[in-house]
Each structure stands twice: as structure tokens, then as C-alpha cells.
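In what follows, a structure is listed as C-alpha cells, so that the remarks can point back to it.
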Amino acid sequence: NYDCIVPVSGGKDSTFQVIRMLELGMNPLCVTATTDHLTEIGRYNIENIKKLGVDYIEVTMNPVIRRRVNRLALTQVGDISWPEHVAIFTIPIRVATQMNVPLVVWGENSQNEYGGPAAAAENNVLTRRWLEEFGGLLGLRVTDLVGQEGIEPKHLIQYTYPTDEELARTGVTGIFLGHYLPWDGYTNALIAQAHGFRTYEKPVEGSLVNYENLDNAQTGVHDYFKFLKFGFGRATDLACLHVRRGRLSRADAVQLVKMHDGKFPWSYLGVSLEEMLKEIDMTVEEFIRVCDRFTNKKLFVCDSRGNLVKDADGNLTKINYDNLPEATEELVPEFA
375 NYDCIVPVSG GKDSTFQVIR MLELGMNPLC VTATTDHLTE IGRYNIENIK KLGVDYIEVT
435 MNPVIRRRVN RLALTQVGDI SWPEHVAIFT IPIRVATQMN VPLVVWGENS QNEYGGPAAA
495 AENNVLTRRW LEEFGGLLGL RVTDLVGQEG IEPKHLIQYT YPTDEELART GVTGIFLGHY
555 LPWDGYTNAL IAQAHGFRTY EKPVEGSLVN YENLDNAQTG VHDYFKFLKF GFGRATDLAC
615 LHVRRGRLSR ADAVQLVKMH DGKFPWSYLG VSLEEMLKEI DMTVEEFIRV CDRFTNKKLF
675 VCDSRGNLVK DADGNLTKIN YDNLPEATEE LVPEFA
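Residues 375 to 710 in the working numbering are what the sequence shown lists, from first letter to last.
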């Protein structure tokens, strides 16, 4: 049988995971849970993983139901990519139980890479409990979808994690590769590029780099909602990683974040917002209303009537880009 399953999106990290497994003499089965809106460069990088010399399975969910879930999740929890964030964890485990492959090799533990509870950051395995707490459900359970927009349990099979009995029968264990070797996205990208991985021709919208989040055109919308809810987006994540690794000073990081973070997602990787919203039967005007509903007004400049202040492109202004409490106190009174 296969030695392990490697969940792959075609990105820099999953490419690196496959390379390392092959270098260790493993015989991996690569499994992709299809993304919400696959880009041209995303498809290229998936095909590149196949060329590394591996068996490969791609699981595609019912696209009609998926679009309904995209819209429901966007309007209910502010995450258009909720279906992907669930399926990338459930589908590889489902394949592992069905094919009796006892080891699943994930990449990094996000709680270690980006920050989280100390105990969770030290976890070396991905369990049901980890998924339910950190896997991006945002309080929306798979079962909550039943009965909405004509969705039935039979439509949600691939979004459902295997039972404890199924896992015990197969003995499936999911490990974080980043627990066992030095993990660095930039280094992973360089190694992946040496094995055919393709980057974007410029920094990705809302980001600082051109080597990640290249597969799903909805990522710009997803990251924008993170900015609206919490006041920071993908550019902040990347800046923090580079500061921690000594590649960037904090002062420079603050300026870069101010330039790139949280821009209104009119397009992403060449795909327009209108095109993405058409798939879920939503207009730009409806989308903006959803955005405003999920925006934390305590973090952004508002006028004297409490309305969000936006520039001509729909961009908001943070009250405090330096994220220091004393700076916020100095700037808030006029808009309190």
C-alpha cells in the first residue's frame, strides 16, 4: 500500500512536502480537495506535482451545492472559502480511511506558524479536536447547512470527517511535517521553484509576495474579511513571519502592511470580483453590504454619524496601523 497520503493544493508548501517524502524514499499518494475557483497558475502547479513522480487523486464536490455553501458561509460567518477550508481537512482523511493508508502528512501547524494557544502550537498531530477548534469552521458546523437552500445530508458527505470508529479501524494518524523539521514558507518556495513550481509575475493582491495563495481566486475576498473582522490580513501575516526570521525590521514591516494590507478585493490573480460573485449569484452592492456588516468599526475610521469612511476605491483606513494601544487612544477621540 502507499506509505502516506500528502494533501496537496499545488502550492509551495505541499510541493515541498511531496519533495521531502520522495527524498525519504516514501511512496506517497497525493490528494487534492478541489478549490473554490481554481486559477490557471493553480492548475499548472498541480500538474507540476504530478510530474514529480507520484500517484494522484483529485476529489471534486458537487459544484451546485458548493456555490450555495459559498454564499451561505459568506453571509453567515464572513468566509466565502468555508467549503474549501473544511474539505482540505476532511477529504484527505476520508481517502486515508477508505484506502487503508494509516499516515497523513500535513504541512505546518498554523497555531505554531502564525500564533495560537501554547499547548496547541506544540501539537505534532492533527486530530478531530484540532480541526474543530482551528480548522476554520468559524462556528458553522457542517450539519448546520442541512435544510438551507435545499441542502441535504447526502450533499455533505465529502465535508464530513470520518467517525472515530472509522479512524480507529484504519489507525489513521495525521502529522504536521513542520514539527519534525525547520519550517519556513520562503525556503519552501525556493525549493519548490527548483522543482518546477511557478510563481506569479508580481506580488499577489493584499500580500507582500508572489509565491503563495496562487490556486484559489477567492482568496482575496477571504483575506479581506479577515482584515474587516480583526484589522489585519495576509500582508500582516507575512510581515510578522519575516520579522520573526530576521529578514525585515518591524518599522519597515509596519510601512509595508500599511501599503498592501486590506485593500478592497476588486480583483485577485486576474479574476475580477464581479466574476467571482456571479458564481454565487451576488452583486457587488450586496457584497459591500455584507462587508460592512462584518466590519469591526472599533478598528476603522468612521464619520461623526458612525459610518465607515472609504476612499474612491472602497478602501477603509485603520485607526492604528502600528497596533500599539497608546496610538489608538490618541487617534480615537474624534470618532468615538
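For every residue, glycine included, the Cβ atom is placed at its ideal position computed from N, Cα and C.
These numbers come from a predicted model, not from an experiment.
Roughly how many whole angstroms lie between the Cα atoms of residue i and residue j?
{"i": "Glu523", "j": "Leu512", "result": "20 Å"}
{"i": "Arg667", "j": "Val631", "result": "24 Å"}
{"i": "Glu539", "j": "Val546", "result": "11 Å"}
{"i": "Ser388", "j": "Leu448", "result": "27 Å"}
{"i": "Asp696", "j": "Ala627", "result": "10 Å"}
{"i": "Ala613", "j": "Arg619", "result": "10 Å"}
{"i": "Glu482", "j": "Ile549", "result": "9 Å"}
{"i": "Gln532", "j": "Arg624", "result": "42 Å"}
{"i": "Ile462", "j": "Thr406", "result": "8 Å"}
Mind checking which residues open and close the beta strand (DSSP E) that includes residue i?
{"i": "Gly548", "result": "547–550"}
{"i": "Pro639", "result": "That residue, Pro639, is in no beta strand (DSSP E); it is neither H nor E in DSSP."}
{"i": "Tyr430", "result": "429–433"}
{"i": "Pro577", "result": "Here Pro577 belongs to no beta strand (DSSP E), and DSSP marks it neither H nor E."}
{"i": "Ile379", "result": "378–381"}
Which residue wins for smallest C-alpha separation from residue i, given the options the options?
{"i": "Val433", "options": "Asn422, Val546, Arg468", "result": "Arg468"}
{"i": "Asn590", "options": "Ser455, Val392, Leu582, Gln391", "result": "Ser455"}
{"i": "Tyr560", "options": "Val516, Asp611, Arg442", "result": "Asp611"}
{"i": "Cys378", "options": "Tyr585, Ala625, Glu660, Ala470", "result": "Ala470"}
{"i": "Leu571", "options": "Tyr585, Val443, Tyr598", "result": "In the sequence as displayed, the identity of residue 571 is Phe instead of Leu. Answer by Cα proximity: Tyr585."}
Taking DSSP as the reference, what is the three-state secondary structure of residue i?
{"i": "Met473", "result": "helix"}
{"i": "Ile566", "result": "For the sequence presented, residue 566 should be read as Ala rather than Ile. Residue state, collapsed to three classes: helix."}
{"i": "Leu403", "result": "strand"}
{"i": "Leu682", "result": "strand"}
{"i": "Lys692", "result": "strand"}
{"i": "Leu673", "result": "coil"}
{"i": "Trp557", "result": "coil"}
{"i": "Asn412", "result": "Strictly speaking, residue 412 in this sequence is Leu, with Asn absent from that position. Strand, per DSSP."}
{"i": "Ile467", "result": "helix"}
{"i": "Asn422", "result": "helix"}
{"i": "Pro536", "result": "coil"}
{"i": "Ser455", "result": "coil"}
{"i": "Asn444", "result": "helix"}
{"i": "Val478", "result": "strand"}
Following the continuous alpha helix (DSSP H) through residue i, name the residue where it begins and the one where it ends.
{"i": "Asp611", "result": "608–618"}
{"i": "Pro665", "result": "Checking the sequence shown, residue 665 turns out to be Cys, not Pro. 658–668 is the span of the alpha helix (DSSP H), which, as asked, contains Cys665."}
{"i": "Thr389", "result": "386–397"}
At the 8 Å Cβ level, is residue i part of the contact set with chain D, yes or no?
{"i": "Leu511", "result": "Here chain D cannot be found, since the structure has a single protein chain."}
Across the segment 583–600 and the segment 637–655, are there enough close Cβ pairs to call them in contact, namely three or more that are closer than 8 Å?
yes
Touching or not, the segment 389–397 and the segment 418–426, by the rule of three or more beta carbon pairs under 8 Å?
Pairwise C-beta distances place the segment 389–397 in contact with the segment 418–426, as three or more of them are shorter than 8 Å.
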